[in-house]
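Trainee:
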Amino acid sequence: MKKNLNGKMSGLEKRRAVTGYLFISPFILGFLLFMVKPLFQSLYMSFCNVEVGSGNFKLVLAKNFVNYNKAFRVDPDFSRMLIEGFLRMIVYSLAIMVFSFFVALILNQDFHGRALVRAIFFLPVILSSGVILGLESNNSIISMVQADIADELNGVSVTAALESILRTAGVGTRAYEQVFELIDNIYDIALASGIQIIVFLSGLQTIPESMYEAASIEGCTSWESLWKVTFPMVSSIFLVNWVYTIVDFCMRTDNEVMEKITDNLILLDYGYASAMAWSYFVLTMVFLAISAFIISRRVYYYE
Amino acid sequence: MSNAAAVKAPAGMGNTTAKPKLSSYKKKKIARNMFISVVRFILLFGLCFLIIQPILNKISISFMTEEDLYDPVVINIPGHFTTENYELSYTIMSYKEAFKNSMIISFTIAVIQVLVCTFVGYGFARYEFPFKKFWFGAVLLMIIVPPQVISTSLYLHFRFFDILGIIRLIKGSAINMNGSVLPYYMMSAGCMGLKNGLYIYLIRQFFRNIPKDIEEAAYVDGCGTLRTFFTIMLPDARPILTSCFLFAFVWQWTDGFYSTMFLGTTKLVSTSLSRIVDSLSSFIMRELGIQSSISVAYSNCILSTGTLMIILPLIILYLFAQRGFVESLSQTGIKM
C-alpha cells in the first residue's frame, strides 16, 4: 500500500499514514480474525449441514437451502416470531425516539435538581443491561404486586378507562390499541432510552443560544423555534439515534428471535442457528438502510 | 394556564406595592414560568419514580418472608423483617466466588478494551491514511452486526482453535479453547468485545474536538508521536475514557451472551443470576432430599434478592462516577 502511493505522498505524510495504521492495527487484526472470517463462515454455514466430530468439524453443503427451508417453511414459530419481532421493533423504536427527544428537551432546561434527575434517567443504562433486562421482563412478582394495587383501586387505570370511553364512543379498536400498549409499557421505553437521551442532549447543547435569540427577535414563539431551530439542528442526531435504537433492539437479550437462535446454538444445530440469525440480520439491515436513507434525505447540515 | 395566572396574580400585586409596578407582560411571564415548572416537576417526578420504583420494590420484597408474599395486607413494608433471602442467595449463587471472578474478569477486560479502543479511536481521529473511510466503515459495520450472527462461527472457531494449522502439526489436533477465558481476552485485544465499536466511535468523536494546534506545537517542540499521545492527549481525554471504562465494566458485569458462550465454566455473577431459579430448586432438593416445587412468588423473591446483590456494586460505582459520566458523555458532541 505504501509503495502504491509513494509518488503521491510526501515523506511526512507517508510517515503519518504509517503511524495511523499502527494506531488502528489492533482493530484491523481483530476485524479480520474475529469479524470477517466468522461472518463469511457463518453465512456459508447457513447453507450447510454442520457435522461436529472429535477434533474437527465438517461443513457439508446441503441442497435446497435446507436450513432456510426449515426456518421459513417447517418451523411453525420462526416466521411468526420474525414478523412480530420486526413490527415490535418498528413501533418501539419510534416510541423510544419520541420519548428520548422529549426527555432530552426537558433535561436541557435549567431547573433545580437537574443533576439528580439526569442521574436517575441514566441509571437504566447501567441497571438494565445484559441478563438483568431479560430477568426483569419475566419477573412476575412485580406485576403481581402491581395487579394487587390495581385491584385495590377497583381497577381504575387511566388507560383502561380511556379505552372503554373510546370503545363506547365507537372508535375502532385498532386505531388506539398500539398507542395504549405503548403507554402501558412506558417503563420498557424509559429503560431502553438512556443512551439516546444522552446523545440528544449532546446534540441540543451544540445549538448556539444566539440562534434562539435571533428567532425570538424575529417573532418566533418557543413552539415555532422548536420546529424551525431545534429540529433542523439536531436532525443529524436523529439519524444516529435511529440507527442505534434499532441495532440495540436487535441485540436485546429478551428478544424472542435472539432467544431462539441462542437455544439452537446450545442444541448444536449450528447451520440452522446461522440461517435464522442471517435472515433476521438481513431483514433488519434492509429496513435500517431504507429508513436511514429516508431520514438522511431530510437531515439538515448546518456547517 | 389561566388558573395558575389567577392564583399567581395577587401575590405579584402584593410585591409591587412598594416597588414600581410590574408590567402586565412581566406578570404573565412569571406566572407562565411558575406553571411550566410545576408541570415539569410533576412530569419528571412521575418518570423518575417509574424508573426507581422497581428497585425500591425489589428492596422491600427482598426483606420479606415467604408468608409476607401471600399476605394481601403486606405490600411495601415487610411484616416479618428477615435477611434470610440474602443468606440463601449468597449460598446458591456462590456469591463470593462469582463476585471475585466477575470482578477480575470485568476489570481486566474493561482495561484492555478501553486501552485498545483509545489507540484505535485516536488513530481514526488524528491521522490521515489511505482507506481510512473503508476502515471506519468497518467500525460501523461492527457496531451494526449483532454478535449472534457470528456467534456460531466464533464458537466453532474457538472450539477447534488453530493458527494456520501450526498447532495441529505439533499436537496432532486443534485445541479446544471454549471454557477458558483466553478467547475472550483475545477478542477484546482485537477490539471485538462487547460493544467495542461504540467505544471507538465515542473516543474518536472526543479526540476530533481537541484543537490540532496543541499537537502541532508539541511536534515543533520535539515531542514524538507516542509522547504526544501519552502526555498531552490522554490526560485531556480522562473524562471520556472514564465513561467508556464504566460502560465496559458494567456491560461486562451484567453480560450474559459472551459469558455463557466463552466463559461457560467460570462462575460469574451474571450467569449465576440467570440460573438462580434452577439452582434454588436443586439446592432445596439437596438440602431436604425431597423434590419440591418452589412457588413462583418465592422464586421471584429470591430472584429479586439476587438481582439486588448484583446491581449493588454497580450502584455504588455509579454514585461515585455519575457526575463525570453524564457530563462527559453529553459533551462529546456526537455527530454523524
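Which chain is which? The protein sequence lines are A and B, in order. Reading the first sequence from the start, the letters are residues 1 to 303 in our numbering. Reading the second sequence from the start, the letters are residues 304 to 639 in our numbering. Even glycine gets a Cβ: it sits at the ideal position worked out from N, Cα and C.
What are the residues in the region 369-402 of chain B lying within 8 Å of chain A by C-beta distance?
Mentor: Cβ contacts with chain A: L372, P375 and I378.
Trainee: Given this structure, state the Cα-to-Cα distance separating B/I614 from A/G170, to the nearest angstrom.
Mentor: Going from the Cα of B/I614 to the Cα of A/G170 covers about 47 Å.
Trainee: Straight-line CA distance for B/A600 to B/T411?
Mentor: Approximately 37 Å, taken between the alpha carbons.
Trainee: What residues in the region 187-220 of chain A have a beta carbon less than 8 Å from any beta carbon of chain B?
Mentor: Listed in sequence order: Y187, A190, L191, I198, V199, L201, S202, G203, Q205 and T206.
Trainee: In chain B, which residues lie less than 9 Å from A/G85 when you measure between Cβ atoms?
Mentor: Neighbours of A/G85 on chain B: none; closest Cβ ~12 Å, over 9 Å.
Trainee: Under 8 Å by Cβ, that's how I've got B/P486 and A/M251 pegged, so tell me the actual separation to the nearest angstrom.
Mentor: With 8 Å as the limit, B/P486 and A/M251 do not qualify as a contact, their Cβ atoms being about 20 Å apart.
Trainee: State the Cα-Cα distance for the pair B/A413 and A/P232, rounded to the nearest angstrom.
Mentor: B/A413 and A/P232: Cα-Cα distance of roughly 37 Å.
Trainee: For A/L182 and A/F122, I'd like the C-alpha separation in whole angstroms.
Mentor: In a straight line, the C-alpha of A/L182 is about 21 Å away from that of A/F122.
Trainee: If you measure between the beta carbons of B/L505 and B/L620, is that distance less than 9 Å?
Mentor: Cβ atoms of B/L505 and B/L620: not closer than 9 Å.
Trainee: Taking its Cβ as the centre, do 16 or more other Cβ atoms sit within 10 Å of A/G20, making it buried, or is it exposed?
Mentor: That one is buried.
Trainee: For A/V234 and A/F200, which I take to be in contact (beta-carbon distance under 8 Å), what is that distance rounded to the nearest angstrom?
Mentor: Yes, A/V234 and A/F200 are in contact; Cβ-Cβ is about 7 Å, under 8 Å.
Trainee: So is B/D581 buried or exposed if we call it buried at 16+ other beta carbons inside 10 Å?
Mentor: The residue is exposed, with fewer than 16 neighbouring Cβ atoms inside 10 Å.
Trainee: Can you say whether A/K3 is buried or exposed, counting buried as having 16 or more other CB atoms within 10 angstroms of its CB?
Mentor: Its pLDDT being 47, under 50, A/K3 is placed unreliably by the model, and the measurement read from it follows with that caveat. Flag for A/K3 reads exposed.
Trainee: Between A/E213 and A/S225, what straight-line distance do the alpha-carbon atoms span, to the nearest angstrom?
Mentor: Going from the Cα of A/E213 to the Cα of A/S225 covers about 10 Å.
Trainee: Against chain A, with Cβ distances strictly below 9 Å, would B/F640 count as a contact?
Mentor: The structure shown has nothing for residue 640 of chain B, since chain B only spans 304 to 639.
Trainee: I need the DSSP call for B/C604, collapsed to helix, strand or coil.
Mentor: Of the three classes helix, strand and coil, the one that applies to B/C604 here is helix, per DSSP.
Trainee: Taking Cβ positions, are B/M564 and A/F34 nearer each other than 9 Å?
Mentor: Going by C-beta atoms, B/M564 is not nearer than 9 Å to A/F34.
Trainee: Less than 7 Å between C-beta atoms, sequence neighbours within five positions excluded: which residues of the same chain meet that for A/T245?
Mentor: S93, I96, M97 and Q196, listed in sequence order.
Trainee: Between the C-alpha atoms of B/P375 and B/F402, what's the straight-line distance to the nearest angstrom?
Mentor: About 36 Å.
Trainee: Residues of chain B with a CB under 8 Å from the CB of A/M251: which are they?
Mentor: Result: P449, P450 and Q451.
Trainee: Measure the beta-carbon distance from A/T262 to B/Q451 and round it to whole angstroms, keeping in mind my assumption that it falls under 8 Å.
Mentor: Sure, about 7 Å apart at Cβ, within 8 Å.
Trainee: Return the first residue and the last residue of the alpha helix (DSSP H) that B/T368 is part of.
Mentor: Careful: B/T368 lies outside any alpha helix (DSSP H) and carries neither H nor E.
Trainee: Using a Cβ-Cβ cut-off of less than 8 Å, give me the residues of the region 90-112 of chain A that come near chain B, in sequence order.
Mentor: Against chain B - using a Cβ distance shorter than 8 Å - the residues of the region 90-112 of chain A are V103, I106, Q109 and F111.
Trainee: For chain A, check one thing: does any of its Cβ atoms lie closer than 9 Å to the Cβ of B/F427?
Mentor: B/F427 counts as touching chain A.
Trainee: Please state whether the Cβ-Cβ distance between A/P26 and B/C494 is less than 9 Å.
Mentor: Yes, Cβ-Cβ distance for A/P26 and B/C494 is below 9 Å.
Trainee: CA-CA distance, B/T610 and A/G203?
Mentor: For B/T610 and A/G203, the distance between alpha carbons rounds to 34 Å.
Trainee: Which partner residues does A/L61 have in the DSSP bridge list?
Mentor: BP columns for A/L61 point to A/C48.
Trainee: Using a Cβ cut-off of 9 Å (strictly closer), state whether B/V442 contacts chain A.
Mentor: Yes, its Cβ sits closer than 9 Å to a Cβ of chain A.
Trainee: Please state if the CB of B/E390 and the CB of B/Y598 are separated by a distance shorter than 9 Å.
Mentor: The residue you asked about is not Tyr; residue 598 of chain B is Ser in the sequence shown. No, Cβ-Cβ distance for B/S598 and B/E390 is not below 9 Å.
Trainee: Measuring only between beta-carbons, confirm whether B/L549 sits less than 9 Å from chain A.
Mentor: Chain A, which has a Cβ nearer than 9 Å to the Cβ of B/L549, makes this yes.
Trainee: Counting contacts by CB-CB distance shorter than 9 Å, is A/A119 in contact with chain E?
Mentor: Protein chains in the displayed structure are A and B, and chain E is not among them.
Trainee: Out of B/P542, B/I543 and B/A521, state which residue places its alpha-carbon closest to the alpha-carbon of B/T534.
Mentor: The shortest C-alpha separation from B/T534 is found at B/A521.
Trainee: Taking a Cβ distance cut-off of 7 Å, strictly less, list which residues of the region 33-55 of chain A are near chain B, in chain order.
Mentor: Result list: L33, F34, M35, P38, L39, Q41, S42, M45 and G55.
Trainee: Give me the Cα-Cα distance between B/T397 and B/P381, rounded to the nearest whole angstrom.
Mentor: What sits at residue 397 of chain B in the sequence shown is Ser, not Thr. Rounded to whole angstroms, B/S397 to B/P381 spans 26 Å at the Cα level.
Trainee: In its own chain, which residues sit with a C-beta less than 7 Å from the C-beta of B/L501, not counting the 5 before and 5 after it?
Mentor: For B/L501, where only same-chain residues beyond five positions count, the Cβ hits under 7 Å are I446.
Trainee: Taking only beta-carbon positions, decide if A/W278 is within less than 9 Å of chain B.
Mentor: Chain B, which has a Cβ nearer than 9 Å to the Cβ of A/W278, makes this yes.
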